[in-house]
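Let me begin by presenting the structure, written as structure tokens, before commenting on it.
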Amino acid sequence: MAPNPNGNSEDFSWNAVWKSGAVIHEDGWSFEIFLPFSAIRFSKKNIQDWGLNITRRRQKTQQQYTWNTIDPTVNGFLTQEGKWTGLQNVNPPLRLQFTPYFSTYANHYPINEPGQKNWSSSVNGGMDVKYGISQALTLDMTLIPDFGQVRSDNTILNLSPFEVKYDENRPFFTEGTELFGKGNLFYSRRVGGRPMHFYDVYDQLGANEKIISNPIETKMANATKISGRLNGGLGIGFFNAITNRTYATIEDANKNKRKLETNPLTNYNIIVLDQTLKNNSSVSLINTNVWRSGKEYDANVTAALFDLYDKKNMWNLGGKLGTSNLFNYKGDGKTSQGYSANLYFGKASGKLNFQYAETVTDDKFNISDLGYFTFNNFWEHSLWVGHNWSKPTNWYNNLRMNFNASYTTRLKNPTDYASSNINLNFNGQLKNLMRVSVMGGYEPAPHDYYEPRKEGKFFKGWNSSYFSIEAGTNRAKKYQIYAELFYVNRSLFNGNKISINVEQGYRFSDKFSIFYSLELEPQKRNIGFAGFMGNDVVFGKRDVSSVENSLNLKYNFNNKMGITADIRHYWSKVTYHNSATDFFLLQNDGSLQPVSNYNGNPNQNYNDFYINAVYTWQFAPGSFINIVWKNTNPVDNFNREVKHGYFKNLDKTISQAHNNNISLKVLYFLDYLDLKKNKRKK
9 MAPNPNGNSE DFSWNAVWKS GAVIHEDGWS FEIFLPFSAI RFSKKNIQDW
59 GLNITRRRQK TQQQYTWNTI DPTVNGFLTQ EGKWTGLQNV NPPLRLQFTP
109 YFSTYANHYP INEPGQKNWS SSVNGGMDVK YGISQALTLD MTLIPDFGQV
159 RSDNTILNLS PFEVKYDENR PFFTEGTELF GKGNLFYSRR VGGRPMHFYD
209 VYDQLGANEK IISNPIETKM ANATKISGRL NGGLGIGFFN AITNRTYATI
259 EDANKNKRKL ETNPLTNYNI IVLDQTLKNN SSVSLINTNV WRSGKEYDAN
309 VTAALFDLYD KKNMWNLGGK LGTSNLFNYK GDGKTSQGYS ANLYFGKASG
359 KLNFQYAETV TDDKFNISDL GYFTFNNFWE HSLWVGHNWS KPTNWYNNLR
409 MNFNASYTTR LKNPTDYASS NINLNFNGQL KNLMRVSVMG GYEPAPHDYY
459 EPRKEGKFFK GWNSSYFSIE AGTNRAKKYQ IYAELFYVNR SLFNGNKISI
509 NVEQGYRFSD KFSIFYSLEL EPQKRNIGFA GFMGNDVVFG KRDVSSVENS
559 LNLKYNFNNK MGITADIRHY WSKVTYHNSA TDFFLLQNDG SLQPVSNYNG
609 NPNQNYNDFY INAVYTWQFA PGSFINIVWK NTNPVDNFNR EVKHGYFKNL
659 DKTISQAHNN NISLKVLYFL DYLDLKKNKR KK
């Protein structure tokens, strides 16, 4: 928490109801914090010592002041906190809080078809509960949750063989989830995400049938998490969520409807044990489990981790050993079992740091049911070396150098070189508070076993040399700008990629600010997967261009009421060259052989547009009224037309039918202690 004179405060992940105030006076400024004992966890000891640090960040000078000194060359923040000693007769109260909610939605989309309504509406209600099971453990539960007001995803045209990882915007999954991140096995977007058979519906349409509805998200019935740390340093985390069955509705020419299950009733579960040791060290055990009703497969992943430091917090040794089990994975009753191991050693404190790591993953290890997963079957060797100049000089305030190198091979089927990379970057802050960064690197041609989209095939790619430069002005100024240029030169067909990102912001007053971002990414003579011709894999030479425009407006009426608006348009076009020599058959040795009789059309054109406008009013501590308007273009915003440029696509995207959704949500915070206190007063 960080109070400041205009009444606003920052809350990074800890989320409790508390009060703060700050005032500017002739000697500087002062602040007061009222922190209810029910908002924190502590023991019942008569005399206690607490860890404490107070930090002030002065935006104008980009300097940070701490009550207890923080050495930037020493690893860790909590390890350098001060002590608040001699607290007496501080008794932990009952921690019981409720946040019931009510929400209503009105949605309009011009379907304009007989028998189907353009307007729809819904009314919802539910509750969040927080209960202190003990002085150390807290239960958080959400009953019949409603996440309809969360920010829209920044979707993109994905040309890679892997799924896009999106940010988590749902409050229940962003608060108090640090323990569940151990081992990187939990990707919260899996819960309530896209149904596992969403795309299969299109393959099961009969003659003269059409899809009436096919929900893109599963409905979450409830979710519970228990977290905390016992007196002996044992951290405990328990998470459980249930999603309901999801159905698509199909209609034939005679208006007869049938339902098709796209996702079964599913239970998601995580258990974490994390024991802190001396010297900022720890050992952890985490288990994730996904159970699905019916004939669908189930998944279980377990990992053990350790992270050890010496007495001076200088040297670090750690690792992870994990195993995954997919039960009835292919419908044959058999279990697919895989493993992964990681070991690292390094120097964590001082001006010069490094870490060397070895990671091995077999070809059956898979965490994708409750985690984010790209590929397996590899052995990676990686090295990072960093040097930190934290003492200001005549021309910089701080400077950082990073050197990275990696070499990866396939573990089996076959054992082969996969990829390697080396790069060097410098970043720091100059005396005028400008932030700068430069980077250069080289990547030899990889053996890519995933771009072909066919088992046993690989593509022998290109050598890449790349560099980037970034610069950003002082963020305390009314006007700020950040710019980045990234360039890649590719040896195959003399291809290249340029990425330009410019972000600008202007603060008109303490109440009103505007932020604009433009990102351009043209690629010339890129080579990638185009399709299949019989059993052969076809690659094509293509030009790829992407443009993203984002605008953010923010106006605060006061420190409890404000309006924000986010507007985004993203456009990406993939144009394959039409020459007979620009399509290729992928050979068994990874090379490309020109083919002249491929008649597919792999061109792609994709637009995404949204407006998210939010009015929020905190009418009481922890209680809010939110009014949200969402304007989005249809899900079907993909086509093969590539003859038009950016402005024509923008015009078509804006002029086409949009989905408009307006919602009202009221949340009211109730604390048992306040209710008890009010009852006594009466």
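Just so we're aligned, residue 9 is where the sequence shown starts under the working numbering, counting upward by one.
All C-beta atoms, glycine included, are put in the ideal place defined by N, C-alpha and C.
DSSP puts residue i in a beta bridge; with which residues?
i, result
"N275", "I250 and W299"
"W323", "K355"
"P179", "None; P179 has no bridge partner."
"D364", "With the sequence shown as reference, residue 364 is identified as Tyr, and Asp is not the correct amino acid for it. Answer is F353 and L391, bridged to Y364."
"T74", "T63"
"P108", "M135"
"N534", "R550"
"G29", "E40"
"M204", "The partner list for M204 (beta bridge, DSSP) is empty, contrary to what the question assumes."
"L281", "I244 and L293"
"P602", "F592"
"W127", "H116"
"H455", "K468"
"G513", "Q488 and F523"
By DSSP, does residue i sit in helix, in strand, or in coil?
i, result
"N567", "coil"
"K190", "helix"
"I154", "The question names Ile, but residue 154 is Asp in the sequence shown. Three-state result, D154: coil."
"D260", "coil"
"T87", "helix"
"A312", "strand"
"S196", "helix"
"R576", "strand"
"N433", "strand"
"A47", "helix"
"L213", "coil"
"T661", "helix"
"R688", "helix"
"I623", "Looking at the sequence itself, residue 623 is Tyr, so the reference to Ile does not match. Strand, per DSSP."
"N287", "helix"
"N502", "helix"
Residue i: buried (16+ other C-beta within 10 angstroms of its C-beta) or exposed?
i, result
"I41", "exposed"
"G653", "exposed"
"F194", "buried"
"G513", "buried"
"A426", "buried"
"P454", "buried"
"T185", "buried"
"F655", "exposed"
"S130", "exposed"
"K138", "buried"
"E463", "exposed"
"T81", "exposed"
Comparing C-alpha positions only, which one of the options sits nearest to residue i?
i, options, result
"Y404", "L438, N97 and N431", "L438"
"T296", "N275, L285 and A229", "N275"
"S580", "F547, F646, Y117 and N61", "F646"
"T251", "Q601, T270, F591 and Q143", "T270"
"K68", "F206, K486 and Y255", "K486"
"N509", "S521, L500, E527 and T417", "E527"
"P100", "R66, Y113 and S142", "S142"
"D574", "K562, N566 and Y457", "K562"
"G200", "G191, K227, Y174 and L213", "K227"
"V158", "Y618, K689, Y676 and T661", "Y618"
"T112", "N634, E171 and Y450", "N634"
In angstroms, rounded to a whole number, what distance separates the CA positions of residue i and residue j?
i, j, result
"K468", "I258", "44 Å"
"Q105", "E34", "40 Å"
"K505", "P179", "37 Å"
"N16", "F632", "Interpretation of N16 is limited by its pLDDT of 38, a score under 50 that renders its predicted location unreliable; the figure taken from the coordinates is listed afterwards. Cα-Cα distance, rounded: 15 Å."
"D260", "I219", "9 Å"
"Y117", "G539", "34 Å"
"S698", "T284", "Absent from the model: residue 698. The displayed extent of the chain is 9 to 690, so no value can be given."
"S357", "W397", "13 Å"
"Y364", "T572", "44 Å"
"R198", "L273", "14 Å"
"T331", "G339", "21 Å"
"T624", "K568", "8 Å"
"T74", "K91", "13 Å"
"Y352", "I119", "56 Å"
"P11", "G236", "Residue placement at P11 cannot be trusted, given a pLDDT of 42 that sits under 50; what the coordinates show is reported in the next sentence. So the alpha carbons of these two residues sit roughly 26 Å apart."
"Y255", "T343", "28 Å"
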